[in-house]
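Notes for the one structure printed next.
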Amino acid sequence: MLSKEQIARRIAKEIKNGYYVNLGIGIPTLVANYIPENIQVVLQSENGLLGMGPFPFEGEEDPDLINAGKQTITTLPGSSVFDSAMSFGMIRAQKVDLTILGAMEVSENGDIANWKIPGKMVKGMGGAMDLVASAKNIIVAMQHVNKAGESKLLPACTLPLTGVKCIKKIVTELAVLDVLPEGGFYLLERAPDVSVDYIRDATKGRLVVPDHVPAMDMA
Amino acid sequence: MLSKEQIARRIAKEIKNGYYVNLGIGIPTLVANYIPENIQVVLQSENGLLGMGPFPFEGEEDPDLINAGKQTITTLPGSSVFDSAMSFGMIRAQKVDLTILGAMEVSENGDIANWKIPGKMVKGMGGAMDLVASAKNIIVAMQHVNKAGESKLLPACTLPLTGVKCIKKIVTELAVLDVLPEGGFYLLERAPDVSVDYIRDATKGRLVVPDHVPAMDMA
Amino acid sequence: MIYKVVSSAQEAIADIPDGATLMLGGFGLCGIPENCIAALVARNVTNLTCISNNAGVDDFGIGLMLHKRQVKKMIASYVGENAEFERQLLSGELEVELIPQGTLATRCMAAGYGMPAIFTPAGIGTEIAEGKEIRQFNGKDYLMEMAFEADFAIVKAWKGDTAGNLVYRATSRNFNPVMAMAGKITIAEVEELVEPGELDPDHIHTPGIYVHRIFKGSGYEKRIEQRTVRKSESNEASAS
Amino acid sequence: MIYKVVSSAQEAIADIPDGATLMLGGFGLCGIPENCIAALVARNVTNLTCISNNAGVDDFGIGLMLHKRQVKKMIASYVGENAEFERQLLSGELEVELIPQGTLATRCMAAGYGMPAIFTPAGIGTEIAEGKEIRQFNGKDYLMEMAFEADFAIVKAWKGDTAGNLVYRATSRNFNPVMAMAGKITIAEVEELVEPGELDPDHIHTPGIYVHRIFKGSGYEKRIEQRTVRKSESNEASAS
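Below is the structure:
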């Protein structure tokens, strides 16, 4: 099974040269650490920044400079700052090439639920609904099963939806899966030490398994 | 009868302290010369400027700094520049207090025609349709009659409209008139050397004449 | 230019009545109008509807107003990080309306641009879409969302001039420019108040036409919510 | 950062096909992409639909393309000051669509902000409203106008960096930022091309994400349409 860092590392391979990328909170944030140095990528933070850099060195934190997770950050040369309307404007206009975010549930037709658990305190959707409704390419970074051992890859989401038919790819601790246009999770890759049967058991939605499922290349 | 400069001077009296004002091409441009020095007024130019100043001194023209009439201008301390979308955004949101523009015809219900003469070359409406549709307070500066001696204050416009029910006040070489909410031109003031009967003859639309029509104070 | 300076936060907010609808700039605790919030708490204006991306934390930002139960309704996109907020919400003392962040920003901008409504795909197929008009353009569904106006918009800028022109710094810009455009009355507090002409006209973020009152704030705490740093000469991140 | 530099106007426009829809920034002759227009004329790209606030003058700006009959359709708000334009229009060689200036600007912005349509009162009750959907909000009528996209948006900025970030100067900004956002491919020509980091991130007007190609232009003529000046120590204006 993959660690969170390994999930992030695997997702980083999906980032291509010239991409503008929005990284959500949690595992997606870690993806930044694994972007190959030989490709040109710009990170967007939806609170109004293109060209987000690493965390500041201790003592160099600037309270006026944070990311969408409210973490202190830095900017890289060539960065630009803008207001929230323009930020979501460029997201809505699909100028951001790839969005990576977490999820509580994903359905086999690409629906996502990641903002609300009925009966629990509702913190709000933040920018998640805008991102999933607008992004042309969304990868979900998530655990395959929840703490109770139940699959989070479902025939249909049980939690209130964040967006519909929007998720294209999922990377979990067990597998890499594409969401098929006609519905269903297509098993692209398995974690090196995980069997197809194990993944099948952990996937409640329709799983489409090709003849050969390669192990992820974690190099 | 008033000269163009006198029309501009009379209109300048309508400008109050704290106003943001948009001046159209022609007589309205001249209004800037008569704004009292003891009031604070900011001129907006719809190509993207607040705080327009006078024409530059000879030799100091800047080709990057023009007004909506494409004339070289200057900026005053405290000016700001913005793009065309924000410029018309603030016009549409009625942040501009007063718009002064010319007209070919005005109707007694406040319609205005000032952009197109069928059969003649059509140059376009520029920003006129946006301005008249949005402005909360519009004053028209115009000649009372055209070169053929025909009234330009009509029961209904004969030319293609620029906007409907939007004109509040008209200043001509003969008179100052309010457009009544229920329709009709209310004669507020007459030019010093012009009789009410003369104005009546020159006004084809319904003219409402109160008992006393003072002569304009041109001081 | 038109002179918009008031002497203090107290004067700037003096006429905000109980029951007013306020917009407050900021993202988390970044770029919030600290001085005006303090003045609103001191004056104990109540029954407020607050439109802001977040609701502060327990002891800072809008959290200070929540603590004194000055807020009747909160309209926001994300309200975590605030236990008192949660208590009032669960007890029914506080109304909350949650709005997608981009929709919130664009509805403010729409008001500032005189557009009564905008179309966005955010929320299609979710409970956010309930009761709202859906339109299809080019085969994609969009929600029609209404422009947002506030009785008072309260924003924080880095620099401003006496004519109300504003410049923001780094990501403290966030919602401030769009909210500044959406207030019937817009109040700006700035760290540095300068004379007209000292700000470059090409680099003003909010033109003074959108700002009705401006004052120089003081004592900015600028609290950091998530202090994340890396160690020197290392790429490892650590959160504290 | 992502490197967007091309070597020249020729390279920047090399793949613009006959029949393309172009947006061209500028207001009058102020802030127009002089180098790209010259390259389009030299390559003789034809059958173009041009979206631009104006159509240049007889011997400059878009007028140069009109002179070579490269333009099939002109979409603009004001097209005076151009005799060749008038001749082609009256002879039926040229199609023209006139759009209120604010509507033109906002339709471009809408594309850049992913909004399929906007509402504006401009044109209500006029021939501009014919065939368009009218909606009432708060008792006022608005036209629904569609977002405007172009195959190529061609803009002129003062400074830009190799990542495509743009800064405009004075009123040469005008339509350039909104058109830069609306191009499927956006080409920027700049007077000064600098390295990433040389432009202040807080003062970038067009973030590089909206720009696909950038190059340093040369030989800017910056022709003035209406040279108006005042005499020293006098308030009298004179037009020449």
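Residue numbers (the working numbering), protein chains in the order written: chain A, 1 to 219; chain G, 220 to 438; chain V, 439 to 678; chain W, 679 to 918. Cβ atoms here follow ideal geometry from the backbone N, Cα and C, with glycine treated the same way.
Taking the beta carbon of W:Ala783 as reference, the chain G residues within 8 Å of it are Asp302, Ser303, Ala304, Ser306, Phe307, listed in sequence order. No Cβ of chain V is located within less than 8 Å of the beta carbon of A:Asn22. The CB of V:Leu536 comes closer than 8 Å to the CB of Val122, Gly124, Met125 in chain A, given here in chain order.
Shown here for A:Gly205: same chain residues with a beta carbon closer than 6 Å to its own, the five before and five after excluded, namely Glu108, Leu153, Leu154, Pro155, Phe185 in chain order. About 7 Å separates the Cβ atoms of A:Tyr20 and A:Lys95, confirming a contact at the 8 Å cut-off. Assignment of alpha helix (DSSP H) within the stretch 297–360 of chain G, counting only whole runs of 4 or more residues, yields 303–311, 347–353 in chain order. If you ignore the 5 residues before and after V:Ser515, its C-beta comes within less than 7 Å of the C-beta of Asn491, Leu536, Ile537, Pro538, Gln539, Leu542, all in its own chain and listed in chain order. Linking W:Asn725 to V:Tyr658 through their CA atoms gives a straight-line distance of about 59 Å.
Taking the CA atoms as reference points, A:Ile35 sits about 8 Å from A:Arg9.
Take A:Lys4, set aside five residues on each side of it, and the residues of its chain with a beta-carbon closer than 6 Å to its own are Ile27, in chain order.
Beta-carbon to beta-carbon, A:Ile11 and A:Val209 are separated by about 22 Å, too far to satisfy the 8 Å threshold. Taking a Cβ-Cβ threshold of 7 Å, the residues of chain G close to W:Arg905 are Glu280, Thr291, in chain order. At least one beta carbon of chain G lies nearer than 8 Å to the beta carbon of V:Met439. Look at V:Gly550: its C-beta is under 8 Å from a C-beta on chain G.
Taking 8 Å as the threshold, the shortest C-beta distance from A:Arg9 to chain V does not fall below it. Its Cα nearest to that of G:Thr293, the residue V:Pro639 stands out among V:Pro639, V:Ala588, V:Pro554. According to the DSSP assignment, W:Glu764 belongs to the alpha helix (DSSP H) that extends over 761–769. In the DSSP assignment, A:Met1 is bridged to no other residue. Taking C-beta atoms as the reference points, W:Ile753 and A:Met90 fail to come closer than 8 Å.
Note on G:Gly346: 16 or more other CB atoms within 10 angstroms of its CB, so buried under the neighbour-count rule. Interface residue (Cβ-Cβ distance to chain G less than 8 Å): V:Gly540 is not classified as such. Close partners of V:Gly621 in chain A (Cβ separation under 7 Å) are lacking, with about 15 Å as the shortest Cβ gap. For G:Ile244, there is no enclosing alpha helix (DSSP H), since its DSSP letter is neither H nor E. Residue pairing by DSSP puts V:Met512 in a beta bridge opposite V:Cys488, V:Val534.
The straight-line gap separating the alpha-carbon atoms of V:Ala560 and V:Lys570 is approximately 12 Å. What G:Thr381 touches in chain V, judged by beta-carbon distance under 9 Å, is nothing: the nearest beta carbon there is about 18 Å away. Taking a Cβ-Cβ threshold of 9 Å, the residues of chain W close to V:Tyr580 are Met793, Pro794, Ala795, in chain order. Taking each of V:Thr666, V:Phe613, V:Thr600 in turn and checking the Cα distance to V:Ile652, the smallest one comes out for V:Thr600. Among the residues facing chain A, V:Thr558 is included, as its CB has a counterpart in that chain under 8 Å away. For V:Ile652, no chain G residue has a Cβ inside 9 Å of its Cβ, as the nearest lies near 12 Å away.
Chain-order list of chain W residues neighbouring A:Val42: Met679, Ile680, Ala841, Gly886, Ile887, by C-beta distance under 9 Å.
Residue pairing for G:Val395: DSSP places it in a beta bridge opposite G:Val390, G:Glu408. Shown here is that no member of the stretch 731–749 of chain W has a Cβ falling below 7 Å from a Cβ of chain A. Looking at the backbone, the Cα of V:Pro615 and that of W:Ile902 are separated by about 33 Å. Taken through DSSP and simplified to helix, strand or coil, W:Thr784 comes out as helix. Neighbourhood of V:Thr609 in chain A, by CB distance below 7 Å: Asn47, Gly48, Leu49, Asp64, Leu65, Ile66, Val81, in chain order.
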